[in-house]
Amino acid sequence: MDIALDLGTCNTRIYINEKGKVLDEPSVITYDAILNEILAAGKDAYRMLGKTPTKIHAVYPLEGGVIAELDLVEEMIGIFLSKVSTSKVIMPRVVACIPGEITEVEKRAVVNAISSFGVRRVYLIESAKAAAMGAGLDITSPHGCMIVDIGGGTADIAVLSLGGVSVSRTIKDVGKQMDEEIIKYVRRKYSLIIGGTTAEQCKNAIGCVVPPAEEKVFRVKGRDSMRGLPRFVDMKSSEIYEAIIETAMGVVKGIMEVLEKTPPELIGDVYTDGITLSGGLSQLEGFCDLISQYTNLNVHLADDPADCVVKGCGSAIEYIADVESGGATNVNPLMAAY
Ligand SMILES: Nc1ncnc2c1ncn2[C@@H]1O[C@H](COP(=O)(O)OP(=O)(O)OP(=O)(O)O)[C@@H](O)[C@H]1O
Ligand SMILES: [Mg+2]
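Position 44 (the sequence shown) corresponds to 44 in our numbering; numbering is contiguous.
Next up, the structure:
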């Protein structure tokens, strides 16, 4: 059995050939700090975020697309893989994605975390490549294409051609940073302290990165920072826009930098085809318009944007045979096997 794994900062997704996507759960784990015991991972753990008693911790063990707490990531992957594996005998081969700008140590940590769960071999693929494949772009032809995968931890921006990355950039702290900005905004303007999950829900419900055409409202509940009592505020789309636009502009700036460094022939191709967006955060209202406004290029959202990376890792499974037979071609998207 071969498995495709998108170990994201916010969500982990698993895809199995023939079956398609078999798991999509928040990358959250809860543990008892006194008994040193894992309590839950995924959806069950997400529900506990910010609501646990002191001895129980609920955390996202990845930060900015890389592993922050190795032991917890190992446990989390173990729980997820055991949910989807049908056989205890056949050890799976895994294709997993990693952000473009990652150190050798960070790469090793991903491989170690995955291998600890009886995996035969781990193959890595850059997130941007996987996203482009999952979005249906042909990355193997000599025609350049540009993909921007915007997730909770990172935005991976790349121009690809002939199976390789021509120019790329990884912007760290995107979705999570926006949630932080919303928390700060509500505290500053309304003296109300809200949690990360509330901020995220508010962003997903009414957030936008262009001035909103129609004002939507989302009620956030929290604690009054002066009196310590519970209170709510009805947040407006324009306020969320104000809070998150700077972070969104960081992504736009990254895209402009990649365009500036792209060789002229490839930029011609990008001019013809435009930019494709994927990743959960690309669904934020106005992201396509904002990028289009600054780059003068057509920008479109991929189908099922949040699933592009895991689908792309899934399509890359078919290249494993090439790597194993030693006949890997230069259009093989997989990086070294471990
Ligand atoms: N409908 C939506 N509108 C706006 N934002 C959304 C929506 N759905 C999810 N998001 C946001 O998308 C982000 C998660 O996206 P995604 O699942 O692609 O991230 P990830 O793969 O876990 O992270 P990364 O790839 O950066 O490590 C979160 O910030 C989440 O709040
Ligand atoms: Mg991702």
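Every residue, glycine too, gets a C-beta built ideally from N, C-alpha and C. Note that the structure is predicted; figures quoted are calculated from it, not measured.
If I measure Cβ to Cβ from residue 238 and keep anything under 8 Å in the same chain, skipping five residues before and after, which residues do I get?
Correct list, in chain order: 211, 212 and 215.
Could you compute how far the alpha carbon of residue 18 sits from the alpha carbon of residue 310?
One C-alpha to the other measures close to 14 Å.
Cβ of residue 160 within 8 Å of Cβ of residue 129?
Cβ atoms of residue 160 and residue 129: closer than 8 Å.
Output yes or no for whether 8 Å exceeds the beta carbon distance between residue 182 and residue 135.
No, the pair does not count as a contact, with Cβ atoms beyond the cut-off.
Compare the C-alpha of residue 317 against each of 96, 54, 82 and 41 and name the closest.
Ranking the options by Cα distance to residue 317, first place goes to 96.
Put residue 25 into one of helix, strand or coil per three-state DSSP.
If DSSP states are grouped into helix, strand and coil, residue 25 belongs with the strands.
Taking the alpha carbon of residue 284 as the reference point, which residue from 12, 107 and 209 has its own alpha carbon closest?
Of 12, 107 and 209, the residue nearest in Cα terms is 209.
Going by the DSSP bridge assignment, what does residue 230 pair with across the sheet?
Residue 230 pairs with 223.
By a C-beta neighbour count over all protein chains shown, 10 Å radius and 16 as the cutoff for buried, is residue 120 buried or exposed?
With fewer than 16 Cβ atoms within 10 Å of its Cβ, residue 120 is classed as exposed.
For the pair the stretch 260-267 and the stretch 143-156, tell me if three or more CB-CB distances fall below 8 Å.
These segments touch.
Short check: CB of residue 111 to CB of residue 150, under 8 Å?
The answer is no: Cβ separation not under 8 Å.
Indicate the three-state DSSP secondary structure (helix, strand or coil) for residue 161 in the structure shown.
Residue 161: strand per DSSP, three-state reduction.
Got a sec, what are the start and stop residues for the alpha helix (DSSP H) residue 324 sits in?
Segment 320-324, the alpha helix (DSSP H) holding residue 324.
So which of 225, 176 and 20 has the shortest CA-CA distance to residue 154?
Among 225, 176 and 20, the Cα nearest to that of residue 154 is on 176.
Quick one: what's got a C-beta closer than 6 Å to residue 335's C-beta in the same chain, skipping five residues either side?
These residues qualify, in order along the chain: 124.
Using a threshold of 7 Å, is the CB atom of residue 181 nearer than that to any non-hydrogen atom of ligand 1?
Checking the Cβ of residue 181 against ligand 1 gives no.
Among the residues of its own chain, which have a CB less than 8 Å from the CB of residue 184, if the five just before and after it don't count?
Excluding residues within five positions, the ones whose Cβ falls inside 8 Å are 243.
Using only the alpha-carbon positions, how far apart do residue 107 and residue 36 sit?
Going by the C-alpha atoms only, they are around 27 Å apart.
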